[in-house]
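A short worksheet on the structure shown next.
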Amino acid sequence: MSKQFDLSVMDGMDRREVREYVSSLLWQLRLCDGFWFLNVEKRHGRAEAEAVNGLVWDKMGDLAARDVLERFGPFADTPCGFWKAYEYLPWIPTVECAVEHDAPDAEGVIRGITVTVRRCPAQAGREKHGLEPYECREMHETEFRRFAARVSPSVQVECVQAPPDPTPPEYDCRWRFVLPVGAGGDR
69 MSKQFDLSVM DGMDRREVRE YVSSLLWQLR LCDGFWFLNV EKRHGRAEAE
119 AVNGLVWDKM GDLAARDVLE RFGPFADTPC GFWKAYEYLP WIPTVECAVE
169 HDAPDAEGVI RGITVTVRRC PAQAGREKHG LEPYECREMH ETEFRRFAAR
219 VSPSVQVECV QAPPDPTPPE YDCRWRFVLP VGAGGDR
């Protein structure tokens with residue numbers, strides 16, 4: 069599937085070098101995303117930057133899901149299947165998060181997971197530079213729903229807490245991914 073890119077730079081790299089290379093790419097991607105947002109915000113205001121960001125992530129949720137499915141799928145139509153697919157996205161290694169699984173139901177299906185983002189690099193960067201948190205709830209809700217619709221269509225997305233909600237110091241946002249009663253669910 070990597071026919072779209074010339075990855076010959078990795079030819080001859082050992083495992084450590086490949087990991088360093090991937091880490092560098094992730095860092096650069098995160099910086100590009102952050103500087104893009106900050107510059108739109110400077111020119112057009114935070115509300116406009118958030119609106120454009122929402123449009124981008126609406127599209128990215130679907131495109132990323134399609135790519136992950138083609139390369140690594142299929143995934144179970146469950147919250148665990150959804151999260152397994154989502155972990156392939158480049159943002160997960162850059163974010164400190166915790167995943168809690170609900171107890172399995174009588175059929176042995178885990179019908180819900182809670183994902184807590186303990187430290188969001190974007191929000192931490194804004195705080196470091198004296199900027200207010202940006203409102204990311206709607207953007208992430210859209211992204212998660214679009215991703216789930218393609219990867220695990222029975223999974224529902226619930227925002228527990230995310231900016232603009234006030235959040236406690238222990239975390240930046242919290243989400244639930246659930247399989248409604250009566251919906252399928254591969255183990």
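Per the numbering used here, the sequence shown starts with residue 69, numbered consecutively.
Even glycine gets a Cβ: it sits at the ideal position worked out from N, Cα and C.
Since the model is a prediction, treat every value here as computed from it, not as a measurement.
- The C-beta distance from R186 to E238 rounds to 7 Å, short enough to meet the 8 Å contact threshold.
- A distance below 6 Å between beta-carbons, with the five flanking residues on each side excluded, links A133 to the following residues of its chain, in chain order: F215, R218, V219.
- About 6 Å separates the Cβ atoms of I178 and P147, confirming a contact at the 8 Å cut-off.
- The DSSP-derived three-state label of A117 is helix.
- The alpha-carbon separation between L123 and C165 amounts to approximately 24 Å.
- In this structure, E203 keeps its C-beta atom at 7 Å or more from the C-beta atom of P236.
- Between the beta-carbon of V223 and that of F150 there is about 5 Å, and that keeps the pair under the 8 Å contact cut.
- DSSP places C100 in the helix class (H, G or I) of the three-state scheme.
- Looking at the DSSP output, C148 sits in no beta bridge, so it has no partner there.
- Boundaries of the alpha helix (DSSP H) harbouring Q191: 189–196, taken from the DSSP string.
- In this structure, L94 places its C-beta atom within 7 Å of the C-beta atom of T162.
- In the structure shown, the three-state DSSP call for E226 is strand.
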